[in-house]
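Notes follow the structure.
In mature numbering (1 follows the signal peptide of the UniProt record, and there is no 0), the protein residues as written are -22 to -1, 1 to 261.
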């Protein structure tokens, strides 16, 4: 009797273990299959690829492969089926010669999925990263690097004015733009051109403190040749996911009877604050 009882308990435990393992596998399969439904592009659409093939998975178990024909914007397609066993997906395309692809499915995030080789001999995988069509972003929160910030510098027109002298419209205006990270110069350029030009700059900066210095290079305290204005200068700082941290008007720079010829913008990442230092002169 004891032997029979022990054998019965062993069979029961094996049955329960197998049942639970099967249930867990089904849950994993259902979640992956549900998450995969929809259209997935072969290339990140934010990179503006000229050609972008795709897979489209439906709840009926069909998968459609859309591919470029090699002419213009024409695409052709082939429809097959897909099934899951755990995180392993099998795609079968029966048109013409039957093609079978077996791959492990791994989601990088909600909008990016990776197909990997199973490592099993004879199982061909359609390997690669695929991007959900119509997603707002393809970055994971961990991918957003707040150590690197994008600084945008834009201005209105630079003009010569009739302030304190007479000037030729052909004379050039020189403006120096300097970018700094933690007090060290990262990049610097001088724009020198005839009046009417604008400045539009974009640079990626690292560091805890990033700065922008803008200076009218024509400033000379002892010169009588005055009369320059740079309209509507502004700076904007964004994270890599385009979150705006600062959007600030730096005001006009000018050389006239009173001059405001240099401005230094400094942003501190640790407390999300900024300062403006201005160089002025009264002739």
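Glycine is no exception: its CB is placed at the ideal position from the N, C-alpha and C atoms.
{"Asked": "Sequence-distant residues of its chain with Cβ nearer than 6 Å to residue 189 (five each side left out)", "Found": "158, 244"}
{"Asked": "Length of the line joining the Cα atoms of residue 206 and residue 138", "Found": "5 Å"}
{"Asked": "Local Cβ density within 10 Å of residue 172, reported as buried at 16 or more and exposed below that", "Found": "exposed"}
{"Asked": "Straight-line Cα distance separating residue 35 from residue 114", "Found": "20 Å"}
{"Asked": "Continuous beta strand (DSSP E) stretch holding residue 159: start and end", "Found": "150 to 159"}
{"Asked": "DSSP bridge partner residues for residue 87 (one or two, in chain order)", "Found": "90"}
{"Asked": "At least three beta-carbon pairs within less than 8 Å, the region 100 to 108 to the region 13 to 32", "Found": "yes"}
{"Asked": "N-terminal and C-terminal residue of the beta strand (DSSP E) that residue 207 is part of", "Found": "206 to 216"}
{"Asked": "Closest by C-alpha distance to residue 64, when choosing among 77, 76, 75, 84", "Found": "84"}
{"Asked": "Residues bridged to residue 81 [DSSP beta-bridge criterion]", "Found": "67"}
{"Asked": "Cβ neighbours of residue 126 in the same chain (closer than 8 Å, five flanking residues each side left out)", "Found": "182, 183, 184, 218"}
{"Asked": "Rounded C-alpha distance that separates residue 130 from residue 59", "Found": "48 Å"}
{"Asked": "Residues near residue 95 in its chain [Cβ-Cβ closer than 8 Å; skip 5 each side]", "Found": "81, 82, 101, 103, 105"}
{"Asked": "Coarse secondary structure for residue 250, derived from DSSP in three states", "Found": "coil"}
{"Asked": "Status (buried if at least 16 other CB within 10 Å, exposed otherwise) for residue 233", "Found": "buried"}
{"Asked": "Which residues DSSP lists as bridging residue 19, in chain order", "Found": "32, 109"}
{"Asked": "Residue 41 burial status per 10 Å Cβ neighbour count (16 or more: buried)", "Found": "buried"}
{"Asked": "Residue 8 in three-state terms, based on DSSP", "Found": "helix"}
{"Asked": "Assumed close pair residue 177, residue 153 - CB separation to whole angstroms, cut-off 8 Å", "Found": "7 Å"}
{"Asked": "For residue 224 and residue 247, the rounded distance between their alpha carbons", "Found": "11 Å"}
{"Asked": "Identity of the residue in 208, 256, 15, 46 nearest residue 88 by Cα", "Found": "15"}
{"Asked": "Proximity winner among 250, 39, 253, 258, relative to residue 236 (alpha-carbon distances)", "Found": "258"}
{"Asked": "Which of helix, strand or coil DSSP assigns to residue 227", "Found": "strand"}
{"Asked": "Beta-carbon separation (whole angstroms), residue 86 vs residue 211, contact threshold 8 Å", "Found": "No, residue 86 and residue 211 are not in contact; Cβ-Cβ is about 40 Å, not under 8 Å."}
{"Asked": "Rounded Cβ spacing between residue 28 and residue 43 (contact assumed at less than 8 Å)", "Found": "About 19 Å; that fails the 8 Å criterion."}
{"Asked": "As assigned by DSSP and simplified to three states, the class of residue -1", "Found": "In this prediction, residue -1 has a pLDDT of 47, which is less than 50 and means its spatial position is unreliable; what the coordinates show is noted afterwards. Residue -1 falls in the helix class under three-state DSSP."}
{"Asked": "Alpha-carbon to alpha-carbon, residue 200 and residue 249", "Found": "41 Å"}
{"Asked": "Proximity winner among 75, 116, 175, relative to residue 91 (alpha-carbon distances)", "Found": "116"}
{"Asked": "Cβ neighbour criterion (16 or more within 10 Å) applied to residue 75", "Found": "exposed"}
{"Asked": "Cβ-Cβ distance between residue 128 and residue 208 below 9 Å", "Found": "no"}
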